[in-house]
Amino acid sequence: MANKEIIIPHELIDLNNYVNAERANRFQGAKLKKKYTRLCALAVKSAIKQGLAVTEIDMPVDLHFTWYVPSKRKDKDNIAFAKKFILDGMLQAGLIENDGWKQIGNFTDTFVVDKENPRVVVEIEGASE
Numbered sequence: 151m152a153n154k155e156i157i158i159p160h161e162l163i164d165l166n167n168y169v170n171a172e173r174a175n176r177f178q179g180a181k182l183k184k185k186y187t188r189l190c191a192l193a194v195k196s197a198i199k200q201g202l203a204v205t206e207i208d209m210p211v212d213l214h215f216t217w218y219v220p221s222k223r224k225d226k227d228n229i230a231f232a233k234k235f236i237l238d239g240m241l242q243a244g245l246i247e248n249d250g251w252k253q254i255g256n257f258t259d260t261f262v263v264d265k266e267n268p269r270v271v272v273e274i275e276g277a278s279e
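Everything in the sequence shown is counted per our numbering, starting at 151 for the first residue and increasing by one.
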């Protein structure tokens, strides 16, 4: 794997806001899941165009998430909930065939405050490295 990262150029929805939407109306939650999965898939497709590829040899891959957030107001576990959308976006974009145990190894998270440029950077480390 040459290029080993995906950059999602914006903040993603947190768990509390997603749960509130689900409680308000189940269709609202589904709409948000679709929206954020699509946004993540677009970022993954952009990374694929720049050379990102994952092969069977690389499996399972370990993923390191760096969450650049505008402030410390949200709990880290609420922020990291968005992994679900990122993994589903990787599936939707065709980077991985499944997000099960055979394809995904471990997760690690780092949290950084960046008021000016909130984003998520996903580094992918393959088994062959």
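Just so you know, even glycine gets a beta-carbon here, dropped at the ideal spot from N, CA and C.
Only a predicted model underlies this, so the values are computations on that prediction, with no experimental measurement involved.
Exposed unless 16 or more other CB atoms sit within 10 angstroms - verdict on residue i
{"i": "Asp264", "result": "exposed"}
{"i": "Asp164", "result": "buried"}
{"i": "Gly239", "result": "buried"}
{"i": "Lys222", "result": "exposed"}
{"i": "Gln253", "result": "buried"}
{"i": "Ala174", "result": "exposed"}
{"i": "Phe215", "result": "buried"}
{"i": "Ala197", "result": "buried"}
{"i": "Ala191", "result": "buried"}
{"i": "Ile246", "result": "buried"}
{"i": "Ala180", "result": "exposed"}
{"i": "Val207", "result": "The sequence given here has Ile at residue 207, not Val. Label assigned to Ile207: exposed."}
Residues near residue i by beta carbon distance below 8 Å, same chain, minus five either side
{"i": "Arg269", "result": "Ile157, Ile158, Pro159, His160, Glu161, Tyr218"}
{"i": "Asn256", "result": "Asp212, Leu213"}
{"i": "Pro220", "result": "Glu161, Val263, Asp264, Lys265, Pro268"}
{"i": "Thr258", "result": "Asp212, Leu213, His214, Phe215"}
Anticipated Cβ contact below 8 Å, residue i with residue j, distance rounded
{"i": "Phe231", "j": "Tyr186", "result": "Going by Cβ atoms, the distance from Phe231 to Tyr186 rounds to 10 Å, so no, they are not a contact pair."}
{"i": "Glu275", "j": "Val211", "result": "6 Å"}
{"i": "Val272", "j": "Glu155", "result": "6 Å"}
{"i": "Phe261", "j": "Lys233", "result": "Between Lys233 and Phe261 the Cβ distance is about 13 Å, and since that is not below 8 Å, they are no contact."}
Beta-bridge pairing of residue i - partner residues as DSSP gives them
{"i": "Leu213", "result": "Phe257, Ile274"}
{"i": "Arg173", "result": "BP columns for Arg173 are empty, so no partner."}
{"i": "Arg269", "result": "Tyr218"}
{"i": "Glu155", "result": "Glu273"}
Residues near residue i by beta carbon distance below 7 Å, same chain, minus five either side
{"i": "Lys195", "result": "Ala243"}
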